[in-house]
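In what follows, a structure is listed as structure tokens, so that the remarks can point back to it.
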Amino acid sequence: MIETQDLSKQFHDFLAVDGVDLSVQPGQILALLGQNGAGKTTTVRMLTALLHPSRGWARVAGYDVVKNGHDVRASVGVLTEQHGLYMRMTAVEYLDFFGQVYSLAPAARKARSENLLEYFGLAEAAKRRIGEYSKGMRQKLALARAMIHEPGVLLLDEPTSAMDPESARLVRDEIARLRSSSRTIVICSHNLTEVEALADKIAIIYRGRILVQGTLDELKRSVLGAPEYEIRFAEAWNAGGLELPKGVEKLAETPTSLKGPGGGAAGVESADSQTAVGRSRHGVSGGGSHARAGVFEGDGGNKRTRVCSINYDP
Amino acid sequence: MFNKLRPVMLVARRELRDQFRDWRVLMPMVILTLSFPFLMNEFAKQAVDFLNQFDANLILDRLVPFSIMIIGFFPITVSLVVALESFVGEKERGTIEPLLSAPFDDWQLYFGKLLVGVATPLIASYLSIGLYLILIAQQGLNFPPPAVMLQLFLLTTAHAVLMVSAAIVISVQSTSVKAANLLASFIVIPVAILMQGEAVMLFWGNEQVLWLAVTGVLIIALLLIRVGIAHFQREYLLGREIDTLNFRWMLKTFWLNFIGGARSVRDWYGRVLGASLRRIAPAMLFMLLIAGVSLWMSYSWVKDNVADAISHASAEDRAKLEENLGELPDLSSLRGHLNPSFLFLNNTRAVAFIFVAGMFSFSVLGILIYMINIALIGGLYAVFELLGVQSLPLVFLAGVAPHGVFEIPALMIGSAVVLYIGAAIVTPQTGKSMGEVILELMADWAKIFVGLVVPLLAVAALIEAYVTPGILLSVMGS
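Chains as they are written, first to last, in numbering that gives the first Met the number 0: chain A, 0 to 313; chain B, 0 to 477.
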């Protein structure tokens, strides 16, 4: 578990992190989003007890980062911004070294190393010098290092950068597996698709301050306002025959479409998104008194389709 | 204890493995270790042939220890490279962050790296010395006495520790190998000068002085290790402090510490300067103690040695001494001729010099200068006593006390702050960079110097110029 309050870091005149409040529970993934220099790495370094906060406090895995730095570091697995690999070592030696760093027994070190190397597809290259590895292989090895001691908390800076799609999928699967085994995970990323796929919570950091945080839906609502729906009909329609679901209001209409704000729309929340995708662009499908219509949620160009039941009788 | 040392050994072992895979470290070490004994042996042979022509056996006796010292030194020059690579190299390559994220204490990481920085070059150095000893044994040359051999081994070890610990201090302050290499000249040049001094002592053959040198080098090496531990903090190593000079920040930090948030001069004196003085209070007590020791030592030394020298002097020398004493200026002529600004500047310069010398030697040289200044008083008193000056305590009191009441405390306070600075530099300061610590300490010194020492010295100079001569003359006249 990670908890911070008013966490701040000042370097001379520069306030790198300013009053960050976070709470990440076991089994949750928090994505820290922000441009370069926003304060993500400094925040992670404070959570790893590498930097002392100038103000505020942070507790990681139940330990205070200032008072119990040693315990914090023992409980955390970190994937750093730079891979930080020793180029003259082999992958086996490297993982064995970090296994010893985290006081793993020799048998456990061997088993964990083999499993991780196998999982990340590095088993064949395990006895080659790391200097000979490709960028993606190095990234995977660095990730294996962060997981070698099966930490309760994982702090991952750009976990899938430089990876091919298959490797990235493997890493995402592993992160998802770790979440299901009640690990607390923080990911720093620029990759929005990855964040959407993995994160339970998202915090957007800008110039050291958390601008906004919450679930993806909460963020969308707080940043973009209530979702807006657009129903397109295949042909001219009769407004008089349309019964909108509860909460979906009409805002504007054209002969072939209908727009409206959907804030708190009960009908939308219970919608069947699986069936919506294929039908959305075709407008009303089927017929009769209870037709299904594609409902578009506008979110700044990244349109997502949901469906709600409407009663339409032309 | 073993558990505490386990991380140290783990870090050292990994570094060692890395070193033995790096030909840039290995090759110079192998070449220096194997080639220099033969080169020095050849040099010694030539020297023996040459010196035998003049029957200069004494120089030959000294040549072997000198050669051992030089042979021992060359492989340890690699230690500098190893240490810089180990610290700032890791920092530059970004490999240090995963290591710093490990559940190790700062000192464990520090000692792991120190150990490997010292151990490999030192082993190479001992091997090289061993090889040379075999070569000189084959030629039938005499080995140096065991005490000298011990000194040479200790000196070699101390040089290695000195260089590595200094390299670590430099590495912690640098963000690139390039910058660290440039700063390393601050290690190489003093060590080269130090070795020249040691070589002179070896040729001079003064074992006692050489022991003092060994002790001095070991003390400085230990102090540097202490500085290294104090400033080897994760915070620094990952900090944003870069190699460029930020004069604006430096001035601002200094000024903020100097002013200390004071709202008026009165507030500054009462609160800010008061706080600085409270911080140096233990150092002031220590200065008082060593003032007493200095006075007693100089008094005793002059009484024992000068009296003895006078009693053993020839009649001619004694006559010359009396003649010189007769030429001393008449004290009454000093009245009105002592220049207060000269006295003030002279004393101010002395206190400033104590600060400068102290800053470059963890306060050791500064304190030595202070001790010499205080010792002069004790020595002078003993000389006057030997010369048989009448009513000496009263005369001395009249000549020293009026301005000494201000001047001696000023000197003592000015030196105490230097001692405080030395102690603070070797003490861990959590959350502060070395630059910040030094600027804060300099601000502390400046506060005390400007706020207290300078006014005291100004008053002392005025009294010494206009009041003391009068009191002294009236006492001597009576």
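For glycine and all other residues, C-beta sits at the position ideal for the given N, C-alpha and C.
Just so you know, these numbers come straight off a predicted model, no measurement behind them.
List, in chain order, every chain B residue whose beta-carbon is nearer than 8 Å to that of residue i.
i: A/F119; result: The premise fails here: A/F119 is roughly 17 Å from chain B at the closest Cβ pair, so nothing lies under 8 Å.
i: A/R144; result: P97
Using a C-beta to C-beta distance shorter than 9 Å, which residues of chain A count as neighbours of residue i?
i: B/W248; result: H11, D12
i: B/D21; result: R87
Ends of the alpha helix (DSSP H) at residue i?
i: B/D48; result: 22-51
i: A/F13; result: Run containing A/F13: none in the alpha helix (DSSP H); it sits in the beta strand (DSSP E), 13-23.
i: B/V394; result: 391-424
i: B/A229; result: 206-230
i: B/S360; result: Looking at the DSSP string, B/S360 is not in any alpha helix (DSSP H), and its letter there is neither H nor E.
i: A/L78; result: Per DSSP, A/L78 belongs to no alpha helix (DSSP H); it is in the beta strand (DSSP E), 75-78.
i: B/V86; result: Reading off the sequence, residue 86 of chain B comes out as Phe, not Val. Premise fails: B/F86 is in no alpha helix (DSSP H) and is neither H nor E.
i: B/G129; result: 105-137
Roughly how many angstroms separate the alpha carbons of residue i and residue j, rounded to a whole number?
i: B/V199; j: B/A183; result: 25 Å
i: A/E195; j: A/L140; result: 25 Å
i: B/E89; j: B/W254; result: 35 Å
i: A/V75; j: A/L154; result: 7 Å
i: B/T119; j: B/A165; result: 17 Å
i: A/E123; j: A/R182; result: 29 Å
i: A/A251; j: A/R171; result: 42 Å
i: B/A220; j: A/L49; result: 28 Å
i: A/S112; j: A/V59; result: 25 Å
i: B/R348; j: B/W444; result: 14 Å
i: B/A485; j: B/L62; result: No information on residue 485 of chain B is available, as it lies outside the stretch 0 to 477 that chain B covers here.
i: A/F119; j: A/S166; result: 7 Å
i: B/S170; j: B/Y298; result: 46 Å
i: A/T214; j: A/Q138; result: 28 Å
i: B/P143; j: B/P64; result: 6 Å
i: A/T41; j: B/R233; result: 13 Å
i: B/V425; j: B/E14; result: 26 Å
i: B/G365; j: B/I353; result: 4 Å
i: B/G378; j: B/L461; result: 25 Å
i: B/V355; j: B/Y268; result: 25 Å
i: B/V80; j: B/H158; result: 14 Å
i: B/F359; j: B/A82; result: 22 Å
i: A/G277; j: B/L98; result: Annotation note: pLDDT 28 at A/G277 (below 50); position unreliable, no value reported.
If the cut is a Cβ gap below 9 Å, which residues of chain B does residue i touch?
i: A/H69; result: P102, F103, D104
i: A/T79; result: G93, E96, P97, S100
i: A/A315; result: No statement about residue 315 of chain A is possible, as the shown extent of chain A runs from 0 to 313 and does not include it.
Tell me whether residue i is buried or exposed, calling it buried when 16 or more other Cβ atoms sit within 10 Å of its Cβ.
i: B/G413; result: buried
i: A/Y85; result: buried
i: B/K112; result: buried
i: B/M370; result: buried
i: A/D17; result: buried
i: B/A191; result: exposed
i: A/G61; result: exposed
i: B/N346; result: buried
i: A/Y205; result: exposed
i: B/R277; result: exposed
i: A/G263; result: Because the pLDDT of A/G263 is 39, which lies under 50, any placement of that residue in the model is unreliable, and the number read from its coordinates should be weighed accordingly. A/G263 comes out exposed.
i: B/I309; result: exposed
i: B/E291; result: As written in the sequence, residue 291 of chain B is Gly, which differs from the Glu given in the question. When all chains shown are included, B/G291 counts as exposed.
If I follow the unbroken beta strand (DSSP E) through residue i, where does it start and stop?
i: B/A159; result: It is not in any beta strand (DSSP E) - B/A159 instead sits in the alpha helix (DSSP H) that spans 145-172.
i: A/L32; result: 28-32
i: A/Y205; result: 200-205
i: B/G291; result: Segment 280-300 is the alpha helix (DSSP H) holding B/G291; no beta strand (DSSP E) there.
i: A/A57; result: 54-59
i: A/D5; result: 1-10
For residue i, return the contacting residues in chain A, with the cut-off set at a CB-CB distance below 7 Å.
i: B/L9; result: Q99, V100
i: B/R61; result: What B/R61 touches in chain A: nothing, since even the nearest Cβ is about 44 Å away.
i: B/E234; result: L50, H51
i: B/R13; result: F96
List the residues of chain B that residue i touches, going by C-beta distances under 7 Å, in chain order.
i: A/R44; result: L237
Quick one: which chain A residues come within Cβ less than 8 Å of residue i?
i: B/D17; result: Y85, R87, M88
Item to check | Contact residues within the stretch 81-115 of chain A, judged by C-beta distance below 9 Å to chain B | outcome: Under the 9 Å Cβ criterion, the stretch 81-115 of chain A contributes Q81, H82, G83, L84, Y85, M86, R87, M88, E92, F96, F97, Q99, V100, Y101, S102.
Next on the checklist: Short of 8 Å Cβ to Cβ, which residues in the stretch 106-120 of chain B face chain A?
Outcome noted: Closer than 8 Å at the C-beta level to chain A, one finds no residue of the stretch 106-120 of chain B.
Checklist entry - Quick one, which residues of the stretch 194-210 of chain A are near chain B if we go by CB-CB under 7 Å, in chain order? => result Contacts with chain B (Cβ-Cβ distance below 7 Å) from the stretch 194-210 of chain A involve no residue at all.
Checklist entry - Any residues in the stretch 47-66 of chain A with a beta carbon nearer than 7 Å to a beta carbon of chain B? Which ones, in chain order? => result So the list reads T47, L49, L50, H51, given in the order they occur along the chain.
Checklist entry - Using a Cβ cut-off of 9 Å, which residues of the stretch 297-319 of chain B contact any Cβ in chain A, in chain order? => result Contacts with chain A (Cβ-Cβ distance below 9 Å) from the stretch 297-319 of chain B involve no residue at all.
Item to check | Interfacial residues, the stretch 247-279 of chain B to chain A, with Cβ spacing under 9 Å | outcome: Cβ contacts with chain A come from R247, W248, K251, T252.
Item to check | Chain-ordered residues of the stretch 201-229 of chain B with a beta carbon less than 9 Å from chain A | outcome: Per Cβ criterion, the list is empty.
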